[in-house]
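First residue of the sequence shown: 951, per the numbering used here; consecutive thereafter. Ideal Cβ placement from N, Cα and C applies to all residues, glycine included. Step one of this worksheet: look at the structure below.
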Amino acid sequence: MDSYLNYFLSGPHQVVSIVSTFTVWLGLSLIGSVVIGRHAMRVATPFFGWAVTTLLFTLGGVLTDLSFTTISIVLGILALVSFVYLLLTQQSILDHSFIKLVVITIPLWILISGMVASQWDEFSHWLPSARFLLDHDRFPDSVHSITGASYPAYPYGWPILMYLASRLVGDFVENSGALLNLLVLLTFGLVLLEVARIGLGKPDKEKSKNWMMVALAGLLVTLFNPTFVQKLVLTAYSETSTSVTIALAGILTWMMLDALANKEHRAAMHLAWQSALTLAVHINLRQANLVLFVILIISIIIIGLRDPRISSGALIKRVIILTIPPLVVYTTWRFHVAAHLSGSEFVIRPFDNWFIELIPEILIAMLTVASKKGVYFLIVAVVLVFGIRGLWRMETSLDRLAVLTSGMFLGYNAFLFFTYVAAFGKADALRVASYWRYNIHVGLFASIFCTYGLALVYCRSHFLKVWHKQFGVAAIVILLIAPLIFAKKLRFDHEGRKPYFQMVARDIKAEISEDARYFIVDPQGNGEVGVITKFRTGNSAGYVGVMSAFHPPNVKALNSRLKNSKPEFVLIHSSFDGMDTVFGFPILPDRSYLLKKSASDWVQVRTWIETN
C-alpha cells in the first residue's frame, strides 16, 4: 500500500511544482486576454500570452542586454495590470470550463506533480536548456555556448516557460515541463469543444461547457487521443507544445477561411491575428517547426485558390498577418544563432552524401512503422479520402478542414522522408528513427477532424442524443479513476534501473569536483546512464563519454576509450568478461563503483549495491 501511495505523495515539492506552473499559465492567460481583446477564443488565451512572452524574451534577449530576470519582472507587471484591467472591465479572469477540467483531473495532477525527469531527451536537451537559462539569466552565446544540451542553438520558446516556473520559486522546478505539457494539452481539449460547437451549429456556450462536456474534452486529448504517448506528454519534451500550437493555429485558420467564405471579413481579421500569435509560439519551439508553419501557409493558400467564395485579395491580407509575428521571432533567433551558435543544431548534409540509393528501404520502413500504428493511420487514410473530395468540390466547412488536415499530414510526412534521406545517419535512416514520434507533431489534426465529424453526426443521430448524458457521466468517472488504476503505468519514472542511476549520480556529485573529467562504463546498458549522470551532476563539461552495449565489449576497446578520454574518474555500472584486468579488482554484479585515477592504478572511491 505504501508503494502505491508513493506514486501520488512524494513530498511538499509537489505543491511548489503545481503552484508555480499554474501561476505561469494563469499569467499567460491574463496577458493573452488583454492583448487579443474580447473577440478572442477565450479558452486559448494562454497561448496568446505565451506569444507575448516569446516575443519579449526573444527580442529582449537577442537585441538588448536585459537580463531574463528583468524581462520576467516586466511580464509579471503585465500580468498584474492585465488582471486589474479585466476586473475593471468585468471580464472573466479564467475560463470556468478550465477550472472544471482541473477539478475533474485532480488525481492526475497529484500523480504527475510527484514525478521526476526520467527520459533520454529530457536529460540530454530540454532540462539542461531550461536550467542554463536559470543559471545564466540569458540565452547561450559565443562566450557561454556549453549548455549541457544536445543542440544549444535550438529555439527556447519551450524552456522559457520552465524557466519562468523556476524563477518564481527561486529554484529549478524539474517537473515543470510535465505539468506545463499537461496544461497545454488539457487547454487544447477545451479548444476542441469550440470545434464541436461549430459542428453542432454553435449552441449555447454555457450548456456546451457543463461538467460532462468538459470531461469529454479531457478524454478527447488523453484516452481518445490516438497520438497520446505518456512518455512524451508527461515529460519535458516539446512534442506536446509543438502538436498543440500547430493544431490550434490550424483551427483558427480554418475558422478564418470559413469567415472569408461567408464574407465576415472583420471576424477573419481577428482570427488571423490569433493564429499569427499562436504561430509565433510554434515557430520558436523546435528547429524544424518552420516546416510545419510553411506547410500550413501553403495549405491555406491552396484552399483559398480552390474556394470561389474566398476573395484572393482578402486572403492575401490575412496570410501576410499570419506570417509577421512568427517571422519576427524566427529571424531574430536566426540572427543570434548566426552570430553566436553556428553549427550547434541539426543540419542537412551535402547533396553528395544523401542516401538516394536507400530510398526504397526508407519508404518500406516508414510503411512498416505506420502499419503498427493502425488506428492513427487509419484515421489519416479516411481524412485523405475526404481531403481529395474536398479539394475537388470545395463547398463546405468540412471540405476546407479535410483539405487543411490532409495538407498537414502529407506535407509533414514528405518532409520526414526528406530528412531520412538528407539529414539522418545511415542507421537512423534505415530504421526511420522516431518516425511515429514525429508524426505526433501533426497528430492532433486527426482529433480536430474527428471531433468536428462526430459533432456533425451527433446532429443527425437520435441514439447519441438519447445517451449523451450517460456518456458525459462516464467521461467524468473515467477521468477521476483512470489515474488511480494506471498509476504504475503513468509513473514510468520508476521503471527499470533509472531510479538507481539517478541515486548514484546524485551521490557522486559530492565526490567529484566541478571541473573533473569522468567516464562511464556500462557495457550492458543502452547509454542512458550517460545523459542521466551528466545532468544530475551538473558537470556536462567534464563528461567525456560512456561505454555501452553499442560499443565492443572487450579490454582493448575499453583501454582505447580510457586512453583517448583521459578521465580522472570512472563510474562502473556493469561489466564484461576480463574487465577486472583493466581496473585491478573483480567487478561484482549488482554493484556500481566510482574509481579515481592514481599515479599507478585505479582506486575505489565509493561502491553502491543495487537492490530491487
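Using 8 Å for Cβ pairs, my map puts Leu-1317 next to Ser-1261. What's the rounded Cβ distance? Not a contact, Cβ separation roughly 41 Å.
Any idea what DSSP makes of Arg-1556, helix, strand or coil? Under the three-state reduction of DSSP output, Arg-1556 falls in the strand class.
Helix, strand or coil at Tyr-1104 according to DSSP, with G and I counted as helix: Secondary structure of Tyr-1104 (DSSP, three-state): coil.
Is Trp-1342 buried or exposed, if buried means 16 or more other CB atoms sit within 10 Å of its CB? exposed
Within 10 angstroms of its Cβ, does Pro-1300 collect 16 or more other Cβ (buried), or is it exposed? exposed
Endpoints, the beta strand (DSSP E) within which Ser-1542 is located: 1541-1547
Taking all protein chains shown into account, do 16 or more other C-beta atoms lie within 10 angstroms of the C-beta of Pro-1536, making it buried, or fewer, making it exposed? exposed
Cβ separation of Leu-1545 and Ile-1559, assumed to be a contact under 8 Å, to the nearest whole Å: At roughly 16 Å, the Cβ-Cβ gap does not stay under 8 Å, so Leu-1545 and Ile-1559 are not in contact.
From the DSSP output, in three-state form, read off Tyr-1187 for me. coil
Which of helix, strand or coil DSSP assigns to Gly-977: helix
Between the CA atoms of Gly-977 and Gly-999 - distance to the nearest angstrom: Distance between Gly-999 and Gly-977, taken at the CA atoms: about 8 Å.
According to DSSP, what are the bridge partners of Leu-1521? In the DSSP assignment, the residues bridged to Leu-1521 are Ile-1470 and Leu-1544.
Kindly give me the distance between the Cβ atoms of Leu-979 and Pro-962, rounded to whole angstroms, as I take these residues to be in contact under 8 Å. Looking at the sequence provided, one finds Ser at residue 979 rather than Leu. About 26 Å separates the two Cβ atoms, so there is no contact after all.
What's the gap between the Cα of Ser-1022 and the Cα of Glu-1189? 25 Å
Mind reading off the beta-carbon distance from Leu-1242 to Gln-1224? Whole number of angstroms is fine, and I expect it under 8 Å. That pair is no contact at about 17 Å.
Leaving out the 5 sequence neighbours to the left and right, which residues in its chain are closer than 8 Å to Arg-1350 when beta-carbon positions are compared? Trp-1204, Leu-1207, Asp-1208, Ala-1211, Ile-1253, Asp-1257, Gly-1340 and Met-1344
From what residue to what residue does the beta strand (DSSP E) around Tyr-1493 run? 1493-1497
Might you give, ordered along the chain, the residues of its own chain that have their beta carbon closer than 7 Å to the beta carbon of Leu-1512, omitting 5 neighbours on each side? These residues qualify, in order along the chain: Phe-1469.
Can you look up Lys-1322 in the DSSP assignment and give me helix, strand or coil? coil
Which one of Val-1031, Phe-1007, Phe-1073 and Met-1163 has the shortest CA to CA distance from Gln-1420? Met-1163
Please work out which residues of its chain come closer than 7 Å, Cβ to Cβ, to Leu-1265, disregarding the five sequence neighbours upstream and downstream, and give them in chain order. Leu-1210 and Gly-1254
Where does His-989 sit, in a helix, a strand or coil, going by DSSP? coil
To the nearest angstrom, report how far apart Ser-1126 and Ala-1186 are at their CA atoms. 7 Å
Count the other CB atoms, across all protein chains shown, that sit within 10 Å of the CB of Asp-1302; report buried if there are 16 or more and exposed otherwise. exposed
How should Arg-1456 be labelled, buried or exposed, when 16 other C-beta atoms within 10 angstroms of its C-beta is the threshold for buried? Looking at its Cβ environment, which holds fewer than 16 other Cβ atoms inside 10 Å, Arg-1456 is exposed.
According to DSSP, simplified to helix, strand and coil, what is Tyr-1280? helix
Cβ atoms of Ile-1298 and Ala-1230: under 7 Å apart, would you say? no
Between Gln-1180 and Leu-959, which are expected to be in contact by the criterion C-beta below 8 Å, what is the C-beta distance as a whole number of angstroms? With a Cβ gap of about 20 Å, Gln-1180 and Leu-959 do not count as contacting.
Excluding five sequence neighbours on each side, which residues of the same chain lie with their C-beta closer than 8 Å to the C-beta of Val-1145? Ile-1201, Ile-1398, Thr-1401, Tyr-1402 and Ala-1405
Lys-1213, buried or exposed, once every other Cβ within 10 Å from all chains shown has been counted against 16: exposed
Hey, is Leu-1328 close to the ligand FAD, as in C-beta under 6 Å from one of its heavy atoms? As far as ligands go, the structure on display features none, and thus does not contain the ligand FAD.
I think Ser-1047 touches Lys-1152, with their Cβ atoms under 8 Å apart; what is that distance to the nearest whole Å? Actually they do not touch by this definition, with Cβ atoms about 16 Å apart.
Suppose you measure from the CA of Val-1371 to the CA of Gly-1010; what does that come to, to the nearest Å? Going by the C-alpha atoms only, they are around 37 Å apart.
Outcome for Arg-1117 when other beta-carbon atoms lying within 10 angstroms are tallied against a minimum of 16: Taking every protein chain shown into account, the CB of Arg-1117 has 16 or more other CB atoms within 10 angstroms, so this residue is buried.
For Lys-1448, which residues in the same chain have their Cβ closer than 6 Å to its Cβ, ignoring the five residues on either side in sequence? Ser-1068
Given 8 Å, three or more beta-carbon pairs between the region 1082-1094 and the region 1108-1124: yes
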